[in-house]
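In this note's numbering, the protein residues as written are 266 to 665.
Structure first, commentary second.
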């Protein structure tokens with residue numbers, strides 16, 4: 266199966282078969298990333314997902330949704346790069362997901378990728394039993410994501426909504442994100458999943474085929490050359506949506522008016538935005554203008570390289586885990602050398618000596634002026650020598 270064929274299958278899943286469940290699945294599982302203290306710290310310190318200005322949080326949430334959707338909806342390596350979920354995915358669909366994500370991982374510069382799905386499952390098991398532990402940052406990041414999910418729920422009902430969500434989450438997410446205080450209920454979980462099963466039965470047996478796709482990504486820019494993006498199944502604020510008649514007076518817009526929620530406006534980029542800005546948000550107009558040409562330059566390079574190419578981006582100086590037995594995927598460039606040390610599971614891994622990242626990619630406040638937007642230095646590809654190791658101090662063993 267080629268990457269193009271895999272993307273076509275994924276696009277069908279995302280736009281035709283189950284667009285709402287597709288998005289709910291990965292948005293809810295986004296909470297799983299908060300079980301890793303390294304990811305949680307990055308989310309909290311970036312200033313994107315946790316910010317005193319709520320519009321910044323909603324901006325990044327909507328941008329993340331559009332970016333994830335575009336990965337599935339756009340043709341792979343392009344210039345813009347109804348029943349699944351109610352049945353078990355077919356073998357070719359599982360294979361398509363794996364083939365597409367192999368290439369997406371390479372495109373994002375992931376330095377080690379197991380070649381087979383079985384290897385990846387083994388690596389994930391090793392990761393989940395080694396690299397996760399309870400941390401306050403996990404709770405902060407997890408609760409921030411939770412609050413985004415229930416943003417449109419009436420304030421008086423938010424405690425109930427939180428309890429419902431925490432009840433249907435996997436136990437490991439609740440544990441590592443320290444969400445027990447929200448009162449997960451086994452009874453509520455059973456009732457909810459039974460209702461899901463009942464809905465699935467009705468859709469599987471009585472649902473009509475979708476007559477048109479739920480467009481996940483814009484095909485062309487607007488007349489001004491910028492981009493408007495459509496609704497998503499779980500909108501919070503109307504970022505990037507044009508001021509069309511439907512968006513201002515459709516039934517969804519009327520409900521927003523009654524509810525007192527904002528409608529598309531210039532404040533929420535109703536005139537469109539540069540598509541490069543969605544994935545490379547900076548904190549000043551000057552640095553934003555400096556970053557976007559670099560995004561276009563890197564995208565052009567990526568489109569021209571063969572499959573398996575890893576762009577040279579910021580990276581960790583040490584491995585989080587040893588590779589699993591078997592071959593890896595991707596070209597040899599920008600991979601971990603065989604001598605790369607493994608940093609053991611400990612909060613000590615967050616010390617600066619164990620990290621080396623290119624400026625501005627992991628912290629919003631890192632870039633303050635245009636000259637801070639540095640081109641990637643090829644010397645970054647030289648792994649720093651790690652002189653000492655730390656034994657685990659806060660590791661929690663869990664069953665995978």
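Ideal Cβ positions, reconstructed from N, Cα and C, are used throughout, including at glycine.
Confirm the yes/no value for this check: CB of residue 429, any heavy atom of the ligand SAH, distance under 7 Å. Looking for the ligand SAH in the displayed structure turns up nothing, as the structure carries no ligands at all.
Presumed contact (8 Å Cβ cut-off) between residue 328 and residue 528, rounded CB distance: Counting from 1 along the chain shown, the entry for residue 328 is found at position 63. Counting from 1 along the chain shown, the entry for residue 528 is found at position 263. Not a contact, Cβ separation roughly 19 Å.
Selection from 571, 550, 539 that minimises the alpha carbon distance to residue 561: For the purposes of this step, residue 561 is identified with residue 296 of the chain shown, where counting begins at 1. For the residues 571, 550, 539, the minimum Cα distance to residue 561 belongs to 539.
For residue 305, report the span of its alpha helix (DSSP H) as first-last. Here residue 305 refers to the residue found at position 40 when the chain shown is read from its first residue. Unbroken alpha helix (DSSP H) run through residue 305: 302-311.
Tell me which residue opens and which closes the alpha helix (DSSP H) that residue 583 is part of. As a first step, residue 583 is located in the chain shown; it is residue number 318 there, counting from the start. Counting along the chain, residue 583 falls outside any alpha helix (DSSP H), and DSSP gives it neither H nor E.
Determine the closest residue to residue 414 out of 517, 480, 325, 554, with distance taken between C-alpha atoms. Mapped onto the chain shown, residue 414 falls at position 149. Checking every option, the nearest Cα to that of residue 414 belongs to 325.
Given a cut-off of 8 Å, decide if residue 575 and residue 376 are closer than it, judged by their beta-carbon atoms. By 1-based counting over the chain shown, the position of residue 376 is 111. By 1-based counting over the chain shown, the position of residue 575 is 310. Yes, they are a contact pair.
Contacts around residue 280, its chain only, beta-carbon distance under 7 Å, and the 5 residues preceding and following it disregarded: The residue labelled residue 280 in the question sits at position 15 within the chain shown. Hits under 7 Å: 338, 478, 479, 480, 481.
Pick from 396, 371, 289: whose alpha carbon is nearest that of residue 594? As a position in the chain shown, residue 594 is number 329, starting the count at 1. When each option's Cα is compared against that of residue 594, the closest is 371.
Segments assigned alpha helix (DSSP H), at least 4 residues, entirely inside the stretch 540-565: 540-543
If the criterion is Cβ atoms closer than 8 Å, does the pair residue 543 and residue 332 meet it? Taking the first residue of the chain shown as position 1, residue 543 is located at position 278. Taking the first residue of the chain shown as position 1, residue 332 is located at position 67. In this structure, residue 332 lies closer than 8 Å to residue 543 by Cβ.
Taking the continuous alpha helix (DSSP H) assigned at residue 360, which residues delimit it? Locating residue 360 in the chain shown gives position 95, counting from the first residue. Segment 356-372, the alpha helix (DSSP H) holding residue 360.
Pick from 268, 500, 438: whose alpha carbon is nearest that of residue 417? Along the chain shown, one-based indexing puts residue 417 at 152. When only C-alpha atoms are compared, the closest one is 500.
Could you check where the alpha helix (DSSP H) with residue 397 kicks off and where it finishes? To locate residue 397, count along the chain shown from 1; it is residue 132. Careful: residue 397 lies outside any alpha helix (DSSP H) and carries neither H nor E.
Between residue 628 and residue 356, what straight-line distance do the alpha-carbon atoms span, to the nearest angstrom? As a first step, residue 628 must be located in the chain shown, where it is residue number 363. As a first step, residue 356 must be located in the chain shown, where it is residue number 91. Its pLDDT being 42, under 50, residue 628 is placed unreliably in this model, and the value from its coordinates should be taken loosely. Each residue's alpha carbon lies about 40 Å from the other.
Could you pull out every residue in the same chain whose Cβ sits closer than 6 Å to the Cβ of residue 298, ignoring the five residues on either side in sequence? The count along the chain shown starts at 1 and reaches residue 298 at position 33. Cβ within range, chain order: 304.
In the DSSP assignment, find the unbroken alpha helix (DSSP H) run with residue 270 in it and report its ends. Residue numbering aside, residue 270 sits at position 5 when the chain shown is read from its first letter. Start and end: 268-277.
Assuming residue 557 contacts residue 541 (C-beta within less than 8 Å), just tell me the rounded distance between them. Against the chain shown, residue 557 aligns to sequence position 292. Against the chain shown, residue 541 aligns to sequence position 276. Residue 557 to residue 541, Cβ: 4 Å. Contact.
Nonlocal neighbours in the same chain, by C-beta distance under 6 Å from residue 388, ignoring five residues either side: Residue mapping note: residue 388 aligns to position 123 of the chain shown, counting from 1. Around residue 388: 379, 589.
Take every Cβ of the stretch 455-474, pair it with every Cβ of the stretch 485-496, and state whether three or more of those distances are shorter than 8 Å. no
Residue span of the alpha helix (DSSP H) that contains residue 462, given as start and end: Reading the chain shown from its first residue, position 197 is the one you call residue 462. Taken as a continuous stretch (DSSP letters only), the alpha helix (DSSP H) holding residue 462 covers 451-471.
Check residue 576 in the structure and name its three-state DSSP category. The sequence position of residue 576 within the chain shown is 311, counting from 1. DSSP places residue 576 in coil when its eight states are reduced to three.
Which class does residue 420 belong to by DSSP, given the choice of helix, strand or coil? On the chain shown, position 155 is the one that residue 420 refers to. Three-state result, residue 420: helix.
Which residues does DSSP list as the beta-bridge partners of residue 511? For this step, residue 511 is matched to residue 246 along the chain shown. Bridge partners of residue 511: none, in fact.
Between which residues of its own chain and residue 587 is the CB-CB distance below 6 Å, once the five residues before and five after are set aside? For the purposes of this step, residue 587 is taken as the residue at position 322 of the chain shown. So the qualifying residues of the chain are 607.
Alpha helix (DSSP H) containing residue 441: first to last residue? Within the chain shown, residue 441 is the residue found at index 176, counting from 1. Unbroken alpha helix (DSSP H) run through residue 441: 436-441.
Look up residue 292 in the DSSP assignment and say whether it is helix, strand or coil. Taking the first residue of the chain shown as position 1, residue 292 is located at position 27. Here residue 292 sits in helix by DSSP.
Give the secondary structure of residue 433 by DSSP, where H, G and I count as helix, E and B as strand, and everything else as coil. The count along the chain shown starts at 1 and reaches residue 433 at position 168. Reduced to three states, the DSSP call for residue 433 is helix.
Quick one: what's residue 538 bridged to in DSSP? Within the chain shown, the letter at position 273 stands for residue 538. Beta-bridge pairing links residue 538 to 492.
How long is the line joining the alpha carbons of residue 287 and residue 278, rounded to whole angstroms? Taking the chain shown and counting its residues from 1, the one referred to as residue 287 is at position 22. Taking the chain shown and counting its residues from 1, the one referred to as residue 278 is at position 13. One C-alpha to the other measures close to 8 Å.
Going by DSSP, what residue range makes up the alpha helix (DSSP H) through residue 517? Locating residue 517 in the chain shown gives position 252, where the first residue counts as 1. Counting along the chain, the alpha helix (DSSP H) containing residue 517 begins and ends at 516-524.
Beta-ladder partner(s) of residue 246, from DSSP: For residue 246 there is no data in the structure shown, the boundaries of the chain being 266 and 665.
What number of angstroms, rounded off, separates the C-alpha of residue 614 from the C-alpha of residue 435? What you label residue 614 is simply residue 349 of the chain shown in a count that begins at 1. What you label residue 435 is simply residue 170 of the chain shown in a count that begins at 1. Using only the alpha carbons, I get a separation of about 26 Å.
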